[in-house]
Each structure stands twice: as structure tokens, then as C-alpha cells.
Amino acid sequence: MGTKREILVEIYQRLLSAYGPQGWWPADTRFEVMVGAILTQATAWRNVERAIQRLKAAGALSPERMARLSEGELAELIRPAGFFRQKTRRLRALLRLIGQHGSVEGLLSLPAGELRRQLLSVPGVGPETADSILLYAAGYPVFVVDAYTKRILHRLGLLSGEKAGYEEVQELFESNLPRDPKLYGEYHALLVRHAKEHCRARPRCPGCPLAPVCNFIKGQGSL
DNA sequence: ACCCAGGGTCATA
DNA sequence: TATGACCATGGG
Numbered sequence: 000m001g002t003k004r005e006i007l008v009e010i011y012q013r014l015l016s017a018y019g020p021q022g023w024w025p026a027d028t029r030f031e032v033m034v035g036a037i038l039t040q041a042t043a044w045r046n047v048e049r050a051i052q053r054l055k056a057a058g059a060l061s062p063e064r065m066a067r068l069s070e071g072e073l074a075e076l077i078r079p080a081g082f083f084r085q086k087t088r089r090l091r092a093l094l095r096l097i098g099q100h101g102s103v104e105g106l107l108s109l110p111a112g113e114l115r116r117q118l119l120s121v122p123g124v125g126p127e128t129a130d131s132i133l134l135y136a137a138g139y140p141v142f143v144v145d146a147y148t149k150r151i152l153h154r155l156g157l158l159s160g161e162k163a164g165y166e167e168v169q170e171l172f173e174s175n176l177p178r179d180p181k182l183y184g185e186y187h188a189l190l191v192r193h194a195k196e197h198c199r200a201r202p203r204c205p206g207c208p209l210a211p212v213c214n215f216i217k218g219q220g221s222l
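Residue numbering for the first sequence follows numbering that gives the first Met the number 0, starting at 0 and increasing by one per position.
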């Protein structure tokens, strides 16, 4: 066993060679990334794709065009993504923030810290949604932490016992890896891919690419 | 029929 | 601060 830094690097290498580059975030524009970040909250990506597709078909996937829709029209378009009434309000709140800065470019050109604060001030945008936008839309080197990330790190024994707050886990990655948005984006995507592919689909973990470094597989972990 | 998705908010204790 | 309820659709 090595330092946390070495382990984090080894996990990344193992995941990358097992699954290949994931190429996140799948979207044509930065605005689409932002919309997807809201729509995917506690929602299967498959359903988000449907909603995005409907928005595209309606010609509504730009801030200007989306702002022209009534609340009811927007809600109907994003319905397949679930929680559609909430998410409609959240998208409209995000549109107002964009409007305050003139454009998506204007908003995303804010310094990282200021952009994060402003995104978090939007009702319905929490840490993960904000950081997804910072990383995948604005290109800032910010590590996105989700429930999968915490579960996997617990299994690997990198979060000794504690409850693991969001910023704590984020700090673990950011202080031990080069500040490279490309690396962070790929790493986060690989963790999600791995959770779906192995942890969820095969609870007993046959053939897990992380087996050599995983406490859970060695029989020590719970979760 | 049940569980869960690439979360966040709000009411309670 | 720390749980629990709630939001809603679609697939396993």
C-alpha cells in the first residue's frame, strides 16, 4: 500500500484501462451542460437524454429560446426527466442568472470562486450541480463529488470511518492530484461508470478492476 | 411490486 | 447538525 496520492492515481489508472475514456460531459454546447446538470439530479441519464432531445426538437435549447417558453411549455418538454415542476423552476432561475450576466459566456467567465457562489445562490443548485457546471461547462479544475464517489472511497478505506462531507472528499482529490480539468472530468466519469458497471450490477464484485486495492472485496468493508 | 437514478430543499427535533 | 419527506419519470 502507498500514500493516498499513489492510491488515487492507481485507482484512476485501473479505471481508465478497464473502461477507457468516458468523454464527459456529453453535450453540444455549454448551455446544454448546464441544463443537463439540473435535469440529471437524482435522475437516470437516459431520462435526461429524452428531455434534452425534446428541448432540441422544440428549438428551445438556448437561453434566449428557453426563456420564451411559458412555465407550462417548459415543464411539458422536460417531463421525462422527472421532478419536472421543480426542475422547471430551477431552469428558469438559472436563466435569470445567465440574463444578469448577458450570456452564458458572460456568466462562465467569472472567476471560479465567484461563479461557484453565484451558482449556489440559485435555488435548486447545490454543490454537485454547481461543480459540474464549473468543471464541465466552464473548464475549471474542480473535482465533482457524488454519492458514488463517497461510497467507492469508503470501500477503498480512504475515508476512515468519518461521515465524509462534500468539501472534505473534494479536498482529498484536489490536494493529491494535478489541477487538471481534463483529469478531473475523466476521473469523475470513470467513478460513475464503475459504480454502474460493477458495484450496482454485481454486488459481489467478480472481476472488479479495483479488487487489488479494495477493502470491501478483501472482506473488511460494509456498504 | 419494489428499488433506484450523475440532488436539493424544507420541516422537524 | 442531523435525519426524513418530498419531488416524478422510467428501467431493472
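For glycine and all other residues, C-beta sits at the position ideal for the given N, C-alpha and C.
- DSSP places P122 outside both helix and strand once states are collapsed to three, so it counts as coil.
- Rounded to whole angstroms, the separation of the alpha carbons of Y186 and L15 is 8 Å.
- By the neighbour-count definition (other C-beta atoms within 10 Å, threshold 16), A136 is a buried residue.
- Considering only F172, K181, L134, the residue with the shortest C-alpha distance to L152 is F172.
- If you look at L94, you'll find it in the alpha helix (DSSP H) that goes 83-99.
- For Y135, there is no enclosing alpha helix (DSSP H), as DSSP marks it with neither H nor E.
- Nearest C-alpha to E167 among L134, Y183, F142: F142.
- Annotation for K149: the continuous alpha helix (DSSP H) segment containing it runs 146-155.
- Ranked by Cα distance from P211, the first of R4, T2, R13 is R13.
- Relative to the Cα of E170, the nearest Cα in the group A194, V144, R201 belongs to V144.
- Three or more beta-carbon pairs separated by less than 8 Å link the stretch 19-36 to the stretch 126-140, which places the two stretches in contact.
- Excluding five sequence positions before and after L73, the CB atoms of its chain that fall closer than 8 Å to its own CB belong to A59, M65, T87, L90, R91, given in chain order.
- Y165 places its beta carbon 9 Å or farther from that of H193.
- With contacts defined as CB atoms closer than 9 Å, C213 and R116 fail to qualify as a contacting pair.
- D130 and S159 have their alpha carbons spaced roughly 24 Å apart.
- In the structure shown, E161 adopts coil according to DSSP, grouped into three states.
- If you draw a straight line from the Cα of F215 to the Cα of K162, it comes to about 17 Å.
- Beyond the five residues adjoining it in sequence on each side, V121 comes within less than 6 Å, by CB distance, of A92, L93, L96 in the same chain, given in chain order.
- The straight-line gap separating the alpha-carbon atoms of S61 and K181 is approximately 25 Å.
- Looking from the CA of P110, the closest CA among Y139, Q85, F83, A57 belongs to Y139.
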